[in-house]
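Before any comments, here is the structure.
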Amino acid sequence: MSQLRFTKGMLYIRRFKEGDQADSIFDAVRMAANQLLNKRNGKDHFYVAVRRGHPGTVVATGRCKRDIQRSFIGRPSWKETQKFFSTAK
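In my numbering, the protein residues as written are 47 to 135.
This is the structure:
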């Protein structure tokens with residue numbers, strides 16, 4: 047339980063689930079486009095970045111994990127980006 051306290055709010059990347067909702071209209075459009083492309087190409091997944099402790103709230107989306115990591119411009123590493131989004135101290 048104490049482990050969750052220190053990681054609350056940190057970003058992690060996982061596959062898209064049906065109940066996910068986007069934070070912004072741009073992410074919602076990207077998610078819809080990825081779903082449409084997956085349906086056309088016969089694939090079954092794409093990736094989303096979600097914050098721990100905020101279930102189903104998507105912060106970013108991409109075709110692969112690397113696309114999501116690159117979408118956060120201004121941070122030198124993925125670890126620093128995760129810490130930036132962390133809310134608990």
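Every residue gets a Cβ at the ideal spot worked out from N, C-alpha and C, and that includes glycine.
In this text, all values refer to a predicted model and were calculated from it rather than measured experimentally.
On the three-state DSSP scale, how would you describe residue i?
| i | result |
| --- | --- |
| ILE59 | strand |
| ARG97 | strand |
Could you check how far apart the C-beta atoms of residue i and residue j are, in whole angstroms? I think they sit under 8 Å.
| i | j | result |
| --- | --- | --- |
| ILE114 | ALA106 | 5 Å |
| ALA79 | VAL104 | 14 Å between Cβ atoms; not a contact. |
| GLY99 | GLY55 | 6 Å |
| ARG109 | PHE92 | 6 Å |
Return the CA-CA distance between residue i and residue j, expressed in angstroms with no decimal places.
| i | j | result |
| --- | --- | --- |
| MET47 | THR53 | Any reading at MET47 needs caution, since the residue's pLDDT is 47, under 50, leaving its predicted position unreliable; the model's value is listed next. Approximately 10 Å between the Cα atoms of the pair. |
| GLN128 | ASN87 | 32 Å |
| SER123 | ARG61 | 21 Å |
| ARG116 | ALA74 | 19 Å |
| ASP90 | ARG97 | 23 Å |
| ASN84 | TYR58 | 22 Å |
Per the DSSP calculation, residue i is bridged to which residue(s)?
| i | result |
| --- | --- |
| GLY108 | TYR93 |
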